[in-house]
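Trainee: Quick note, in this note's numbering, the sequence shown goes up one by one and the last residue is 464.
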Amino acid sequence: MTASTSAGPLAGVAVLDLTQILAGPMCTMVLADMGADVIKVEKPNGGDDNRRMGPPFVKDWSAGFLAVNRNQRSLALDLQNEEGRKVFKRLVEGADVVVENFRPGVMERLGLAYEELRKIKPALVYCTISGFGSTGPARNRGGFDLVAQGVSGLMSITGHPNSPPAKVGVPITDLTAGLYGANGIMAAYIHALRTGEGQMVDTSLMEAGVAYTVWESSVYFAEGEIPGPLGSAHRVSAPYQALRTRNGYLNLGAATQPTWEQLCRAIGLEDLMEDDRFRNPWDRKAREEELAALLEETFSTDDTERWLELLDGAGVVAGPIYNMEQVYQDPQVLAREMLVEMEDPDLGTIRNIGVPVKLSETPGSIRRRAPALGEHSAEILLEWGFGQNEVDGLLADGVILANQGSGSRR
Numbered sequence: 055m056t057a058s059t060s061a062g063p064l065a066g067v068a069v070l071d072l073t074q075i076l077a078g079p080m081c082t083m084v085l086a087d088m089g090a091d092v093i094k095v096e097k098p099n100g101g102d103d104n105r106r107m108g109p110p111f112v113k114d115w116s117a118g119f120l121a122v123n124r125n126q127r128s129l130a131l132d133l134q135n136e137e138g139r140k141v142f143k144r145l146v147e148g149a150d151v152v153v154e155n156f157r158p159g160v161m162e163r164l165g166l167a168y169e170e171l172r173k174i175k176p177a178l179v180y181c182t183i184s185g186f187g188s189t190g191p192a193r194n195r196g197g198f199d200l201v202a203q204g205v206s207g208l209m210s211i212t213g214h215p216n217s218p219p220a221k222v223g224v225p226i227t228d229l230t231a232g233l234y235g236a237n238g239i240m241a242a243y244i245h246a247l248r249t250g251e252g253q254m255v256d257t258s259l260m261e262a263g264v265a266y267t268v269w270e271s272s273v274y275f276a277e278g279e280i281p282g283p284l285g286s287a288h289r290v291s292a293p294y295q296a297l298r299t300r301n302g303y304l305n306l307g308a309a310t311q312p313t314w315e316q317l318c319r320a321i322g323l324e325d326l327m328e329d330d331r332f333r334n335p336w337d338r339k340a341r342e343e344e345l346a347a348l349l350e351e352t353f354s355t356d357d358t359e360r361w362l363e364l365l366d367g368a369g370v371v372a373g374p375i376y377n378m379e380q381v382y383q384d385p386q387v388l389a390r391e392m393l394v395e396m397e398d399p400d401l402g403t404i405r406n407i408g409v410p411v412k413l414s415e416t417p418g419s420i421r422r423r424a425p426a427l428g429e430h431s432a433e434i435l436l437e438w439g440f441g442q443n444e445v446d447g448l449l450a451d452g453v454i455l456a457n458q459g460s461g462s463r464r
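1) Considering only the alpha carbon of each residue, which of Phe111, Gly459, Leu388, Ser116 lies closest to Asp102?
2) Over the uninterrupted beta strand (DSSP E) stretch that includes Gly296, give me the two end residues.
3) With which residues is Phe111 paired in a DSSP beta bridge?
4) Counting beta carbon pairs with one atom in the region 293 to 308 and one in the region 257 to 277, are three or more of them shorter than 8 Å?
5) Could you give the distance in angstroms between the alpha-carbon of Leu401 and the alpha-carbon of Ser128?
6) Between the Cα of Ile420 and the Cα atoms of Arg105, Ala121, Val95, which residue gives the shortest distance?
7) May I ask you to report which of helix, strand or coil DSSP gives Gln253?
8) What is the DSSP secondary structure of Val371, reduced to helix, strand or coil?
9) Skipping 5 residues on each side, what residues in its chain have a beta carbon closer than 7 Å to that of Ala77?
10) Give the DSSP bridge partners of Ile211, in chain order.
11) Work out the CA separation of Ala372 and Glu359 for me, nearest whole Å.
12) Under 7 Å Cβ to Cβ from Leu171, same chain only, skipping five residues before and after it: list those, please.
13) With DSSP run on the structure shown, which of helix, strand or coil describes Arg464?
14) Okay, do the region 310 to 329 and the region 375 to 388 touch, 3+ Cβ pairs below 8 Å being the bar?
15) Starting from Ala130, trace the beta strand (DSSP E) both ways and give me its first and last residue.
16) Have a look at Pro335, Leu304, Asp330 and flag the residue whose alpha-carbon is nearest the alpha-carbon of Thr313.
17) Under the rule that 16 or more other beta-carbon atoms within 10 Å means buried, what is Glu214, buried or exposed?
18) Below 8 Å, can you find three or more Cβ-Cβ pairs linking the region 448 to 455 to the region 131 to 150?
19) Closest to Val160 by CA distance: which of Asn194, Asp91, Gln458 is it?
20) Going along the chain, which unbroken runs of the beta strand (DSSP E) with 3 or more residues stay wholly within the region 394 to 418?
21) Roughly how many whole angstroms lie between the Cα atoms of Pro225 and Gly196?
22) Should Thr310 go down as buried or exposed, given a rule of 16 or more other Cβ atoms within 10 Å for buried?
23) Return yes when the Cβ of Val95 is within less than 7 Å of the Cβ of Leu466, no when it is not.
24) Along the chain, which unbroken stretches of the beta strand (DSSP E) at least 3 residues long are found entirely within the region 161 to 221?
25) I need the straight-line Cα distance from Glu444 to Ala68, nearest angstrom please.
26) Between Gln134, Thr257, Leu317, which has its C-alpha nearest Ser166's C-alpha?
27) How about the region 205 to 223 and the region 277 to 288: do they share at least three Cβ pairs that are nearer than 8 Å?
28) Mind checking which residues open and close the beta strand (DSSP E) that includes Tyr303?
29) One question on the structure: do Ala292 and Lys339 come within less than 7 Å of each other, judged by their Cβ atoms?
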């Protein structure tokens, strides 16, 4: 799929984005993909730290920065400068949303905390995403995804039994905090439209991680059992895991009695249906290692692709385990437009992950690449009512920075 010009359901919503690295940009990318006008407000001296994170780099652009800052415009504005803060407050007058992911206290020291900004715009939706939240004894602690995965319990249930601690393969608390933030913003914005009352949306990496332990926490709440890691296995059901084949692995889910019987018939192990060791789901879970070994004896006689074809024909839920190259060759991934290509005069073809939720009437879209530092500084201020002489003065005084040109390691 190529980039689109669809306006999206949030067209006309103005967002001032003070975030950087991943959790905050994930939040504002969701809003931007759905059509919001996201103004990425960056420090003139280097901008978002993610601009320099790598490798990999794509012609002097951080690949990670390109990935999560699409559909946004950049305003390089010095908030350490009193004039810069005055500019920001003027922008708030016309904004619907402000998003930041500083440690608690930073915006207060700048005089830009929610309580100050709501005086300027009572209907303002103000979202803060931090490591541990804006209240509580750990509010001032720094928080990275790895730390949040540990504190939330995620690392205690990830990996294989009796192995060293392992984190989830993606920065899941960053990404999830961004999603929760975007969800909270949209809920608060609907409330503001109805009532004229803005509010603060407060979430954190720690809370996002805890929320994702919902299944394992339910085990602890119900029985007092402390869950541990299970590899690819399921906490309740079996067989429900990755199993070895002749040329690799496949994922298999036969959790219910009917699907178990379908599986046995499909792979020629009908005798297991009458085996007292595996007669019901509880028996199969109790002997899941023994069962997995028996199934792998059969699966190891043929290739993954052949087994998947056979299992699909029998109505048994199973699937391959792809690497990243294979993901973007999969016909279903492509049919669902999860790979989007955009042409850029400097970078050539940019490949993006597509918008993962499809709206029938007002779909989200990818309309522009991530911005260069200060690429839209003058454009934005002129649009928001600043005069040309004002803009020229702010540029001359270093309060704002003009377009730094292609490349984000600047």
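Ideal Cβ positions, reconstructed from N, Cα and C, are used throughout, including at glycine.
Mentor: Based on what the coordinates show:
1) Comparing Cα positions, the closest option is Ser116.
2) Per the sequence shown, the amino acid found at residue 296 is Ala instead of Gly. Residues 294 to 298.
3) In DSSP, Phe111 forms a bridge with Ser116.
4) The region 257 to 277 vs the region 293 to 308: no contact.
5) For Leu401 and Ser128, the distance between alpha carbons rounds to 18 Å.
6) Residue nearest to Ile420 within the set Arg105, Ala121, Val95 is Ala121 (criterion: CA-CA distance).
7) Here Gln253 carries a strand assignment [DSSP, helix/strand/coil].
8) Looking at Val371 - three-state DSSP - the assignment turns out to be strand.
9) Its chain contains Asn155, Ile183, Asp228, Ala231, Gly232, Leu259 as the residues whose beta carbon lies nearer than 7 Å to that of Ala77, once the 5 sequence neighbours on both sides are disregarded; these appear in chain order.
10) Under DSSP, Ile211 forms no beta bridge with any residue.
11) Put simply, the backbone Cα of Glu359 is about 11 Å away from that of Ala372.
12) The residues Val146, Val152, Leu178, Tyr180, in chain order, have a CB closer than 7 Å to that of Leu171 in the same chain once the five nearest residues on each side in sequence are set aside.
13) Annotation note: pLDDT 47 at Arg464 (below 50); position unreliable, no value reported.
14) The region 310 to 329, when compared against the region 375 to 388, does not touch it at the 8 Å Cβ threshold.
15) Counting along the chain, the beta strand (DSSP E) containing Ala130 begins and ends at 126 to 131.
16) Nearest Cα to Thr313 within the set Pro335, Leu304, Asp330: Pro335.
17) According to the sequence provided, residue 214 is His. The question's Glu does not apply to it. Under a 10 Å Cβ-count criterion, His214 is classified as exposed, with fewer than 16 other Cβ atoms of the shown protein chains found around its own Cβ.
18) Yes, they touch.
19) The candidate whose alpha carbon is nearest that of Val160 is Asn194.
20) Qualifying beta strand (DSSP E) stretches, in chain order: 402 to 407.
21) In a straight line, the C-alpha of Pro225 is about 16 Å away from that of Gly196.
22) Classification of Thr310: exposed, given that the 10 Å Cβ count is below 16.
23) Any question about residue 466 goes unanswered here, given that the chain covers just 55 to 464.
24) For the region 161 to 221, the continuous beta strand (DSSP E) assignments of 3+ residues that do not extend past its boundaries occur at 179 to 184, in sequence order.
25) Rounded to the nearest angstrom, the two C-alpha atoms are 22 Å apart.
26) Position check: residue 166 holds Leu in this sequence, whereas Ser was assumed. The shortest Cα separation from Leu166 among Gln134, Thr257, Leu317 belongs to Gln134.
27) Segments in contact, yes.
28) Per DSSP, Tyr303 is one residue of the beta strand (DSSP E) stretching across 303 to 307.
29) It is a contact, given that the beta carbons lie within the stated cut-off.
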